[in-house]
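Worksheet: one structure, shown below.
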Amino acid sequence: MASVGVAPAGAREPSGHAAGVDKLPEEMNDMKIRDDKEMEATVVDGNGTETGHIIVTTIGGRNGQPKQTISYMAERVVGHGSFGVVFQAKCLETGETVAIKKVLQDKRYKNRELQTMRLLDHPNVVSLKHCFFSTTEKDELYLNLVLEYVPETVHRVIKHYNKLNQRMPLIYVKLYTYQIFRALSYIHRCIGVCHRDIKPQNLLVNPHTHQVKLCDFGSAKVLVKGEPNISYICSRYYRAPELIFGATEYTSAIDIWSAGCVLAELLLGQPLFPGDSGVDQLVEIIKVLGTPTREEIKCMNPNYTEFKFPQIKAHPWHKIFHKRMPPEAVDLVSRLLQYSPNLRCTALDALTHPFFDELRDPNTRLPNGRFLPPLFNFKAHELKGVSVEILVKLIPEHARKQCSFLGLEVIPTDDNLNGRGIKVRVVQFVMKLLRMCLMPYGVAIVPMRSFGTFSTFVAECLAVREGVCFAMEGGFRNWVIESDATNVINVIRSLHLLKMFVMLFVMQTVVQFTTLLDKETL
1 MASVGVAPAG
11 AREPSGHAAG
21 VDKLPEEMND
31 MKIRDDKEME
41 ATVVDGNGTE
51 TGHIIVTTIG
61 GRNGQPKQTI
71 SYMAERVVGH
81 GSFGVVFQAK
91 CLETGETVAI
101 KKVLQDKRYK
111 NRELQTMRLL
121 DHPNVVSLKH
131 CFFSTTEKDE
141 LYLNLVLEYV
151 PETVHRVIKH
161 YNKLNQRMPL
171 IYVKLYTYQI
181 FRALSYIHRC
191 IGVCHRDIKP
201 QNLLVNPHTH
211 QVKLCDFGSA
221 KVLVKGEPNI
231 SYICSRYYRA
241 PELIFGATEY
251 TSAIDIWSAG
261 CVLAELLLGQ
271 PLFPGDSGVD
281 QLVEIIKVLG
291 TPTREEIKCM
301 NPNYTEFKFP
311 QIKAHPWHKI
321 FHKRMPPEAV
331 DLVSRLLQYS
341 PNLRCTALDA
351 LTHPFFDELR
361 DPNTRLPNGR
371 FLPPLFNFKA
381 HELKGVSVEI
391 LVKLIPEHAR
401 KQCSFLGLEV
411 IPTDDNLNGR
421 GIKVRVVQFV
431 MKLLRMCLMP
441 YGVAIVPMRS
451 FGTFSTFVAE
461 CLAVREGVCF
471 AMEGGFRNWV
481 IESDATNVIN
491 VIRSLHLLKM
501 FVMLFVMQTV
511 VQFTTLLDKE
521 TL
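Residue numbering for the sequence shown follows UniProt numbering, beginning at 1 and increasing consecutively.
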């Protein structure tokens, strides 16, 4: 886990952020560890972390959990920076290899990274196992985050292919960036956190499964509208232009810019914007995107609107990459690297981009013939509030059983339903009926459009209640809407949405609409 932060632990933003004013829990101040040395130790980089050093700590003891003593032996340093040090260690009780991030902790404040890590639970985000505090002879307090260990980083994978003078196989580019966007979609939409330091060094990768995990949340923060944040954040090559312009009220779109830079680097084998300084970084961006317009500058930082820049034309994206680069790859990069933060696509939008369609093909395999890592094992909270149109694009048909809580597995493809003679008027009738039935229960149905295909109709019939998606189940492949009114009642009976409201109310409504239906020609 070679991840390097840009600010010391406990660093405060200009505003009084909660993480900077809350006190440490008393029980954490009372935690103690003892250090046993079973062999001659060697001091590494003067950080106080010693190879062969054994750390013994106690976990549990709260909420009825039994106390448990765990011992870790430090093996080697795998990352260091202004925050402290990350070292690889082995649990002596289980033999498990972990990464321990040791950061100097201000006793007056809570550690924002620890608070954030406790919220995270996602297959593409490194997991926190537990934490403990330790002290030195100088009475310095250190926070130790015990994290899952992942042996490689995307940064080192890029260097590997550069040494071989080869391009990274496109399947790996797709695989890595898809998982990056899935992690970003999770932290942005579900947790409300902006990472603020997306770069290849902070993207861990398992070299055997090619599963990617986002790490190093030392700079991460919940961005609150109207509250200022520090602009000197994020590593230079991946720093969004609004940060270079000194914006302090930015959004999670800075992570999207960084991810776009990572994608471009994977495609090119080298950084797209290799600036030597903050100003030079802006020059590198202008060389590619051209001079930002007054409106674009206003979107990035309103205070810079009167500044004048040399007028440089944008360099066509297709000329940045080699001729054989798939147009979908170029298109995605162009959608991510926009001057205006609000014009950049979201992480969720990126996941549905055609560039990743190969990953949705059930026959796609890794170059060695192995299966892809899990990509569609979404949990309900990941997809809360996502429109049906996005869901259908996001989750391929073969993977929908993994997300059965959505009911998407009953949505057939248009190819399966051609020629079944669906009557638009009947579809509209059923939609009206469902609206009437669901209205008293606070359930909204997606507005009606013109129905060209049966799957569109099914998608439209998906309802959203309290942000959780419910779908009509009951085997849409097993029945066809005919042009007679009586079959509408059979349709309604076949819908498992009946679980959501009173049967009597439904049937009364059906009778009312059946009378109306008899008077109309379908």
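The C-beta atom is built at its ideal place from N, Cα and C for all residues, glycine as well.
One question on the structure: do arginine 182 and tryptophan 257 come within less than 8 angstroms of each other, judged by their Cβ atoms?
Residue 182 sits at position 182 when you count from the first residue of the sequence shown. Residue 257 sits at position 257 when you count from the first residue of the sequence shown. Not a contact, by the Cβ cut-off of 8 angstroms.
Nonlocal neighbours in the same chain, by C-beta distance under 6 angstroms from alanine 399, ignoring five residues either side
Looking up residue 399 in the sequence shown gives position 399. Excluding sequence neighbours, alanine 399 sits near Phe376.
Taking the runs of the alpha helix (DSSP H) that are 4 residues or longer, which of them lie wholly in the region 149-205?
154-163, 170-185
Using a threshold of 7 angstroms, is the CB atom of aspartate 121 nearer than that to any non-hydrogen atom of the ligand GTP?
This structure simply doesn't include the ligand GTP, nor any ligand for that matter.
Cα separation between threonine 94 and lysine 313?
Stepping through the sequence shown from its first residue, residue 94 is reached at position 94. Stepping through the sequence shown from its first residue, residue 313 is reached at position 313. So the two alpha carbons sit approximately 60 angstroms from each other.
Using the Cα positions of isoleucine 158 and serine 71, report the straight-line distance between them to the nearest angstrom.
Taking the sequence shown and counting its residues from 1, the one referred to as residue 158 is at position 158. Taking the sequence shown and counting its residues from 1, the one referred to as residue 71 is at position 71. Roughly 35 angstroms between the two C-alpha positions.
Taking the alpha-carbon positions, what's the serine 231 to arginine 239 distance?
Here residue 231 is taken as the residue at index 231 of the sequence shown, counted from 1. Here residue 239 is taken as the residue at index 239 of the sequence shown, counted from 1. Each residue's Cα considered, the two are about 10 angstroms apart.
Taking Cβ positions, are valine 333 and leucine 289 nearer each other than 8 angstroms?
Along the sequence shown, read from residue 1 onward, the residue named residue 333 stands at position 333. Along the sequence shown, read from residue 1 onward, the residue named residue 289 stands at position 289. Their beta carbons are not under 8 angstroms apart, which means valine 333 does not touch leucine 289 by this criterion.
Looking at the strands, I want to know which residues DSSP matches up with cysteine 215.
Stepping through the sequence shown from its first residue, residue 215 is reached at position 215. DSSP lists no partner for cysteine 215.
Quickly, what does DSSP pair serine 134 with across the bridge? List them, please.
Translated into the one-based positions of the sequence shown, residue 134 becomes position 134. Note: serine 134 sits in a beta bridge opposite Tyr142.
Specify the secondary structure class of histidine 122 as computed by DSSP and reduced to three states.
Against the sequence shown, residue 122 aligns to sequence position 122. Histidine 122: coil per DSSP, three-state reduction.
Specify the secondary structure class of phenylalanine 355 as computed by DSSP and reduced to three states.
By one-based count along the sequence shown, residue 355 stands at place 355. Of the three classes helix, strand and coil, the one that applies to phenylalanine 355 here is helix, per DSSP.
What did DSSP end up calling leucine 104 once you bin it into helix, strand or coil?
Here the question's residue 104 lines up with position 104 in the sequence shown. Note: leucine 104 maps to strand in three-state DSSP.
Should the region 280-294 be regarded as contacting the region 206-226, the criterion being three or more beta carbon pairs within less than 8 angstroms?
no
Consult DSSP for glutamate 284 and reduce its assignment to one of helix, strand or coil.
Taking the first residue of the sequence shown as 1, we reach residue 284 at position 284. In the structure shown, glutamate 284 sits in a helix (DSSP, three-state: H, G or I).
Segment contact, 8 angstroms Cβ cut-off, at least three pairs: the region 265-272 with the region 354-369
no
Spatial neighbours of proline 66 within its chain, please: CB distance less than 7 angstroms, with the 5 preceding and 5 following residues excluded, ordered by chain position.
As a position in the sequence shown, residue 66 is number 66, starting the count at 1. Same-chain partners within the cutoff: Gly60.
Count Cβ pairs between the region 241-255 and the region 316-327 that sit closer than 8 angstroms; are there 3 or more?
no
What did DSSP end up calling serine 71 once you bin it into helix, strand or coil?
Reading the sequence shown from its first residue, position 71 is the one you call residue 71. Looking at serine 71 - three-state DSSP - the assignment turns out to be strand.
Which residue's Cα is closest to the Cα of histidine 353: Asp255, Tyr178, Ser185?
In the sequence shown, residue 353 corresponds to position 353, counting from 1. Considering only alpha carbons, the answer is Tyr178.
Near alanine 259, what residues of its chain come up, given a Cβ to Cβ distance below 8 angstroms and the 5 sequence neighbours on each side ignored?
The residue you call residue 259 lines up with position 259 of the sequence shown. Thr177, Ile180, Phe181, Leu184, Ile198, Leu336, Ala347, Ala350, listed in sequence order.
DSSP beta-bridge partners for alanine 99?
Within the sequence shown, residue 99 is the residue found at index 99, counting from 1. DSSP output for alanine 99 lists Gln88, Leu147 as bridge partner(s).
Check each candidate in Ser235, Ile254, Gly218 and name the one with the smallest Cα separation from glycine 84.
Residue mapping note: residue 84 aligns to position 84 of the sequence shown, counting from 1. Here the closest residue by C-alpha is Gly218.
What residues in its chain sit with their C-beta under 7 angstroms from that of histidine 155, if we drop five residues either side in the sequence?
Numbered from 1 along the sequence shown, position 155 holds the residue referred to as residue 155. So the qualifying residues of the chain are Pro200, Gln201.
Length of the line joining the Cα atoms of leucine 394 and tyrosine 339:
Within the sequence shown, the letter at position 394 stands for residue 394. Within the sequence shown, the letter at position 339 stands for residue 339. Near 26 angstroms, if we compare the C-alpha coordinates of tyrosine 339 and leucine 394.
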